[in-house]
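Only one structure is covered here, and it is reproduced in the block below.
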Amino acid sequence: MKPELKRRLFCFVAVTLAIFISYGYGVFTGAYHVFPYYHIRSLKRFVANRDAYVHQASHALSDAYEWIEVSKKAEFAPRDGAGALVFGDRMWLIGGWNPNDVDNFPLVCNNEVWSSPDGLSWQLEKANTFLDGSFDVHSDWEGRHTAGYVVYKGKMWIVGGDANQGHYQSDVWNSEDGRAWKWVNEGHPVPWGPRVLHYTVVFQDRIWVIGGQTLPQFAPANETYYSDIWATSDGIEWEHIIPKQPSWLARGMIGGCVVYDGRIWILGGGTYDIIKNKNRDKNRGEYYNDVWSSADGLNWTLHTKSAQWHPRSYHDVAVFDGFMWVLEGSYKGNRNDVWFSNDGVNWTEVPNTPWKPRHASSIFVHDGSLWVVAGNNMESDVWRLDKKKRSGLELESSK
1 MKPELKRRLF
11 CFVAVTLAIF
21 ISYGYGVFTG
31 AYHVFPYYHI
41 RSLKRFVANR
51 DAYVHQASHA
61 LSDAYEWIEV
71 SKKAEFAPRD
81 GAGALVFGDR
91 MWLIGGWNPN
101 DVDNFPLVCN
111 NEVWSSPDGL
121 SWQLEKANTF
131 LDGSFDVHSD
141 WEGRHTAGYV
151 VYKGKMWIVG
161 GDANQGHYQS
171 DVWNSEDGRA
181 WKWVNEGHPV
191 PWGPRVLHYT
201 VVFQDRIWVI
211 GGQTLPQFAP
221 ANETYYSDIW
231 ATSDGIEWEH
241 IIPKQPSWLA
251 RGMIGGCVVY
261 DGRIWILGGG
271 TYDIIKNKNR
281 DKNRGEYYND
291 VWSSADGLNW
301 TLHTKSAQWH
311 PRSYHDVAVF
321 DGFMWVLEGS
331 YKGNRNDVWF
341 SNDGVNWTEV
351 PNTPWKPRHA
361 SSIFVHDGSL
371 WVVAGNNMES
381 DVWRLDKKKR
391 SGLELESSK
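Have a look at this one:
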């Protein structure tokens, strides 16, 4: 628990107890309250065991949320890495990857779009057109997963893509309805390619592409791990930003986005590496659990070198109920742990996650809930995290 929050919680309970003792049991004489000895002894015992009391309160607060299974099997096929946007009071599921389902993903990834107002009923807004070699790249976006997905200027945006088709998808698309999509940067190649697995956010009225890497094992390019940033207001013209040191090591593989307390946050992440190179840089193929933030993209603050949660990649991050969240991911296999924090340093785990371990899920913050949809468990399940309706102490959220 955050030290300042621990102090406030202890002071609150101590003062409350003191008031209760003085006004409920003390003997009032003139301007002073005289406590009976046994009540003073009780107060001393409370002070001596304050850490235990605070621990109990923290445990109760970690149990402030509950998971609800909305659907075991939604209408869409299982997938991971699908885009997840909330737009027009609906959740939008965009594309995705499933190489074992040749019917719905004939080219490994597809470009269909689904939407739902409640997580239970899903509507196919755009059928998959990415079927075979006759696909016209000018008419629609290629199937993809783990791209950049944001809502910006009243539209849904897809920024870049993956390398599963033997090339780097460096196109930028947007849509007002999820059905008709416009190739925004047609004829204007992005200056930041080749790149995949980048982290994408909207911040200070621009789209930001952060980190990422090449995958020469999938598409030709020099092996490169990026620690730079590119920002745009239109998807065509981009500003290159080189973070000042100290800053985060090259990485990507972070789904969702966290802009919190007026800052961009990087929560863990990693690099994808299947090249059997014994002499590779020690930072490649790594998993991280450090936490960084920046108010301008140039100057970065390290909040912790090692958060309470395990290092991971292909996890998802979000802002929900006034907190930053880290969910699932990959580290020595799929995970299903869920954590939240209001400062990036002190993290609380939501216990007893009921859904199967996974990575690269689709995460939504919609209708007062935090949603987990599908992922590398390769099921089309839908879960919702709600805040329990209860009285009592509440965690302090944003500053």
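Residue 172 in the numbering used here is what sits at position 172 of the sequence shown, and the numbering runs on without skipping anything.
Note that beta-carbon positions come from the ideal geometry of N, C-alpha and C, so glycine has one too.
Values in this document were obtained by computation on a predicted structure and should not be read as measured data.
Proximity of the segment 314 to 329 to the segment 217 to 225 falls short of the contact definition, fewer than three beta-carbon pairs being nearer than 8 angstroms. For N334, the enclosing beta strand (DSSP E) stretches over residues N334 to S341.
Residue burial annotation: H315 is buried, with at least 16 other C-beta atoms found within 10 angstroms of its C-beta. Rounded to the nearest angstrom, the gap between the Cα atoms of W122 and S116 is 5 angstroms. If you draw a straight line from the Cα of G178 to the Cα of K126, it is about 7 angstroms long.
Annotation for L197: T146, G212, Q213, G252, M253 and Y272 place their beta carbon closer than 7 angstroms to its own, counting only its chain and skipping 5 residues before and after. Excluding five sequence positions before and after H310, the CB atoms of its chain that fall closer than 6 angstroms to its own CB belong to Y331, given in chain order. For the segment 219 to 251, the continuous beta strand (DSSP E) assignments of 3+ residues that do not extend past its boundaries occur at 229 to 232 and 238 to 241, in sequence order. A direct Cα-to-Cα measurement between F364 and L120 gives close to 14 angstroms.
Secondary-structure assignment with DSSP links Y149 through a beta bridge to I158. Note: E349 is bridge-paired with W339 in the DSSP secondary-structure output. C-alpha of Y288 to C-alpha of N174: approximately 32 angstroms in a straight line. With a minimum length of 3 residues, the unbroken runs of beta strand (DSSP E) contained wholly in the segment 283 to 321 fall at 287 to 294, 300 to 304 and 315 to 320. Counting along the chain, C109 sits inside the beta strand (DSSP E) bounded by residues C109 to S116. When rounded, the separation of the alpha-carbon atoms in G154 and D101 is 33 angstroms. DSSP lists I210 as the beta-bridge partner residues of Y199.
By the Cβ criterion, the segment 69 to 86 is in contact with the segment 376 to 386, since at least three pairs of Cβ atoms, one from each stretch, lie closer than 8 angstroms.
Ranked by how close their Cα comes to the Cα of I158, the residues G95, P216, L131 and L124 have G95 in first place. As DSSP reads the structure, M91 sits in a beta bridge with V86 and S116. Taken atom to atom, the span from the alpha-carbon of Y149 to that of S170 is near 13 angstroms.
A Cβ-Cβ separation of about 5 angstroms places C109 in contact with W97 under the 8 angstroms criterion. By the Cβ-count criterion, N299 is exposed, with fewer than 16 other Cβ atoms from all chains shown falling within 10 Å of its own Cβ. For the options A74, I264 and N185, the alpha carbon positioned closest to that of D118 is the one of A74. In the DSSP secondary-structure assignment, H366 is bridged to S369. Contact between N336 and P357 holds: CB atoms are separated by about 4 angstroms, below the 8 angstroms threshold.
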